[in-house]
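Protein chains in written order, with this note's numbering: chain A, 211 to 504; chain B, 90 to 325.
The C-beta atom is built at its ideal place from N, Cα and C for all residues, glycine as well.
Structure first, then comments.
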Amino acid sequence: MSFLTYLINGLSLGSIYAIIALGYTMVYGIAKMLNFAHGDFIMVGCYIIFSVSAALSGNSVIGIIVAVVLCTILGVTTEFVAYRPLRGAASPLAVLITAIGVSYLLENIALLIYGADIKSFSSVITWEGVSFAGGQLKIQGVTIVTILVSVVILIALQLFINKTKQGQAMLAASEDKGAAALMGINVNRTIALTFAIGSSLAAVAGALLCSAYPSLSPYTGAMPGIKAFVAAVLGGIGSIPGAMIGGMVLGIVEILSKTYISSQLSDAIVFGILVVVLLVKPTGILGRQMVEKV
Amino acid sequence: MSILEVKDLSVYYGVIQALKGISFHVNKGEIVALIGANGAGKTTTLHTLSGLISADSGTINYKGHELTRLPSHKIVTFGMAQVPEGRRVFAEMTVLQNLKMGAYTRNDKAEFEATLQRVYRRFPRLEERKSQLAGTLSGGEQQMLAMGRALMSHPDLILMDEPSMGLSPIFVNEIFSIIEDVNKDGVTVLLVEQNARKALSIANRAYVLETGTIAKEGDAKELLNDEAIRKAYLGE
Chain A
211 MSFLTYLING
221 LSLGSIYAII
231 ALGYTMVYGI
241 AKMLNFAHGD
251 FIMVGCYIIF
261 SVSAALSGNS
271 VIGIIVAVVL
281 CTILGVTTEF
291 VAYRPLRGAA
301 SPLAVLITAI
311 GVSYLLENIA
321 LLIYGADIKS
331 FSSVITWEGV
341 SFAGGQLKIQ
351 GVTIVTILVS
361 VVILIALQLF
371 INKTKQGQAM
381 LAASEDKGAA
391 ALMGINVNRT
401 IALTFAIGSS
411 LAAVAGALLC
421 SAYPSLSPYT
431 GAMPGIKAFV
441 AAVLGGIGSI
451 PGAMIGGMVL
461 GIVEILSKTY
471 ISSQLSDAIV
481 FGILVVVLLV
491 KPTGILGRQM
501 VEKV
Chain B
90 MSILEVKDLS
100 VYYGVIQALK
110 GISFHVNKGE
120 IVALIGANGA
130 GKTTTLHTLS
140 GLISADSGTI
150 NYKGHELTRL
160 PSHKIVTFGM
170 AQVPEGRRVF
180 AEMTVLQNLK
190 MGAYTRNDKA
200 EFEATLQRVY
210 RRFPRLEERK
220 SQLAGTLSGG
230 EQQMLAMGRA
240 LMSHPDLILM
250 DEPSMGLSPI
260 FVNEIFSIIE
270 DVNKDGVTVL
280 LVEQNARKAL
290 SIANRAYVLE
300 TGTIAKEGDA
310 KELLNDEAIR
320 KAYLGE
């Protein structure tokens, strides 16, 4: 029974990684850049929920809505101010280093406003959860909600990409920006939209992450951000189902290795998996190698 | 009546001047060929027309609209479409999805259906393969898809960049006869081709580009019989 509990917890942690990884992978897919500040958007989202809930004496629903809106604005603004001017720069490193700079900037702004001490985050999900088999198998409410939210997000994104004109434009622009522009697609606006979606998902991931692991500091987003990046690469960067699978695999491996092997080594195992997968299948689980046809 | 009027168009790549102030025009209903060697500036010219490259000086006037500083996604809305070099179909999308992208700027559902049927009639193979990923098509089929996709936007002028490149001789003939058919339906064509003989044989007029300048222009049939052209571009 306990194995099942760990598995479900792993699935839940994996769902959070997956939601973050979706932001990484969508932005990479279209802008061909790694937004290393993405993890810090999560942290910003958490602090916003923390502050708004405190101001409204515990109303976390409004906190989440405000966080999603502000993170979306933050993402679009960051893209416009910091990344767009560097698109088409001589070296792709320029925008990567800028992203790392944005990451430090956000962490230090948080440090300035909230200080370095860890804040205790009160869960946005108050539901106790359910028990099975006479209390032997207990699943927490936050675990169930996290998994459900990630599934809903995945389905919604797939529908958006495959069924809407904007989604199709996103797909087209991620393949060939020049050809997409020739079709009449405003590529810059499409990239901004991708950042908006990714950043709003970061806020959702933040709410779930801090509800499951309720300690909030300016560095809260850094490690989950990096692990979600690993998840995105593991699943095949640029692929939406890949991010989902990568996140789930990572979450389950992390929880199981924490439980059965060593809690100190769990991160080493997670990153070890990345190394192995990249050696065996450099494009990730669902990543495809495009064959150029003449 | 000229539909496209280009004056003194100059384009620089860094310090290198790719187009040195070229002027040309395309009349409504014509097929105009732009021929020349590799690096003469043919593709640069088309990319500047469709806004993928911005001009450093000069003007592009299309149907009375000044297009010179407009981004690509706006230019399509004026009724100018491009079939890019190397086809550049969206390989990970289906044939039908590609065609839908071609109609991105058109919002009328009934018009879309009618245009789609017209494109399917012209390219029956695209209808047969509408659910197939574009990346799995042969080179010739991809060229047809790129043409069909451009036609989906209802262009008055279609810019074609090396449509015969890399195709088998059978497909080359088919593609050129399709270009003639499209033109007979009232679409004006500006054709860039390395296959100068083929291009001149279907064109009304032609311009010869040499290292960023227009070296010669005139009636396509006359250029086809021009001694210097035959030597330089037709391999005789």
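Where residue i falls: helix, strand or coil (DSSP)
| i | result |
| --- | --- |
| D55/B | Not covered by the structure: residue 55/B. The range shown for chain B is 90 to 325. |
| H154/B | strand |
| E269/B | helix |
| T183/B | strand |
| V278/B | strand |
| A192/B | coil |
| Q283/B | coil |
| A422/A | helix |
| I264/B | helix |
| I272/A | helix |
| I120/B | strand |
| L87/B | Any question about residue 87/B goes unanswered here, given that chain B covers just 90 to 325. |
| T288/A | helix |
| K491/A | coil |
| Q474/A | coil |
| R382/B | Residue coverage of chain B in this structure runs from 90 to 325, which leaves residue 382/B outside it and unanswerable. |
| I335/A | coil |
| S267/A | coil |
| K131/B | helix |
| T235/A | helix |
| A300/A | coil |
| Y429/A | coil |
| V486/A | helix |
| R399/A | helix |
| R177/B | coil |
| T282/A | helix |
| F213/A | helix |
| K387/A | helix |
| I450/A | helix |
| E502/A | For E502/A, the pLDDT reaches just 39, beneath the cut-off of 50, and the residue's location in the model is therefore unreliable, leaving the point undetermined. |
| N219/A | helix |
| G416/A | helix |
| S257/B | coil |
Rounded Cβ spacing between residue i and residue j (contact assumed at less than 8 Å)
| i | j | result |
| --- | --- | --- |
| Y238/A | K437/A | Rounded, the Cβ-Cβ distance is 16 Å, inconsistent with contact. |
| I260/A | F331/A | The sequence given here has Phe at residue 260/A, not Ile. 6 Å between Cβ atoms; contact. |
| E289/A | A402/A | 6 Å |
| F260/B | G229/B | 4 Å |
| L484/A | V443/A | 6 Å |
| G273/A | I283/A | 16 Å between Cβ atoms; not a contact. |
| N247/B | V172/B | Correcting the residue identity first, residue 247/B is Ile in this sequence and not Asn. Right, the Cβ-Cβ distance comes to about 7 Å (below 8 Å), so this counts as a contact. |
| V312/A | A415/A | Incorrect: roughly 18 Å between the Cβ atoms, too far for contact. |
| M249/B | L280/B | 5 Å |
Cross-strand partners of residue i (DSSP beta bridge)
| i | result |
| --- | --- |
| I125/B | The question names Ile, but residue 125/B in the sequence shown is Gly. DSSP lists L298/B as partners of G125/B. |
| Y102/B | I105/B |
| A170/B | I247/B |
| D327/A | None, per the DSSP bridge assignment. |
| V95/B | F113/B, I149/B |
| V340/A | I349/A |
| K305/B | V297/B |
The ligand MG heavy atom lying under 6 Å from the CB of residue i
| i | result |
| --- | --- |
| R207/B | Absence of the ligand MG is noted for the structure shown, with no ligands found whatsoever. |
Inter-stretch contact (C-beta, 8 Å, three-pair minimum) for the segment 448-457 of chain A and the segment 224-231 of chain A: Contact between the segment 448-457 of chain A and the segment 224-231 of chain A is present, with at least three C-beta pairs closer than 8 Å.
Using a Cβ-Cβ cutoff of 8 Å, what residues of the segment 391-409 of chain A are near chain B? List them in chain order. A391, L392, M393, G394, I395, N396, V397
Could you say if the segment 389-405 of chain A and the segment 158-172 of chain B meet the contact criterion of at least three C-beta pairs nearer than 8 Å? yes
Give me the subset of the segment 181-192 of chain B whose CB atoms are less than 7 Å from a CB atom of chain A, sorted by chain position. E181, M182, Q186, K189, M190, G191
Touching by the beta-carbon criterion (3+ pairs, under 8 Å), the segment 188-205 of chain B and the segment 235-242 of chain B: yes
Touch check for the segment 117-131 of chain B and the segment 295-303 of chain B: three-plus C-beta pairs under 8 Å? yes
Within 8 Å, do at least three Cβ pairs link the segment 410-427 of chain A to the segment 287-304 of chain A? The segment 287-304 of chain A, when compared against the segment 410-427 of chain A, does not touch it at the 8 Å Cβ threshold.
Name the residues in the segment 365-393 of chain A whose C-beta lies less than 8 Å from a C-beta of chain B; which are they? For the segment 365-393 of chain A, which is checked against every Cβ of chain B, the residues closer than 8 Å are K375, Q378, A379, L381, A382, E385, D386, G388, A389, A390, A391, L392, M393.
Got a sec: which bits of the segment 144-168 of chain B sit with their beta carbon under 9 Å from any beta carbon on chain A, in order along the chain? P160, S161, H162, K163, I164, V165, T166
Pull out every residue of the segment 260-287 of chain B whose Cβ sits closer than 8 Å to any Cβ of chain A, in chain order. none
Using 8 Å as the cut-off, can you tell me whether the segment 280-293 of chain B makes contact with the segment 91-103 of chain B, which would need three or more C-beta pairs spanning the two stretches below that distance? no
With a threshold of 8 Å, are at least 3 pairs of Cβ atoms found where one atom belongs to the segment 362-369 of chain A and the other to the segment 140-150 of chain B? Here the segment 362-369 of chain A makes no contact with the segment 140-150 of chain B; the two share fewer than three CB pairs at distances below 8 Å.
So, do the segment 309-325 of chain B and the segment 275-287 of chain B have three or more beta carbon pairs nearer to each other than 8 Å? yes
Evaluate contact between the segment 217-224 of chain A and the segment 341-358 of chain A, counting only Cβ atoms and requiring at least three cross-stretch pairs below 8 Å. The segment 217-224 of chain A makes contact with the segment 341-358 of chain A; the number of CB pairs closer than 8 Å reaches 3 or more.
Any residues in the segment 193-209 of chain B with a beta carbon nearer than 8 Å to a beta carbon of chain A? Which ones, in chain order? Those residues of the segment 193-209 of chain B that come within reach of chain A (Cβ to Cβ, closer than 8 Å) are Y193, T194.
Determine contact between the segment 166-180 of chain B and the segment 204-224 of chain B, defined as no fewer than three beta-carbon pairs at a distance below 8 Å. yes
So does the segment 352-362 of chain A actually touch the segment 416-429 of chain A, counting three or more Cβ pairs closer than 8 Å? yes
Which residues, taken in chain order from the segment 128-144 of chain B, show a beta carbon closer than 9 Å to some beta carbon of chain A? H136, S139, G140, L141
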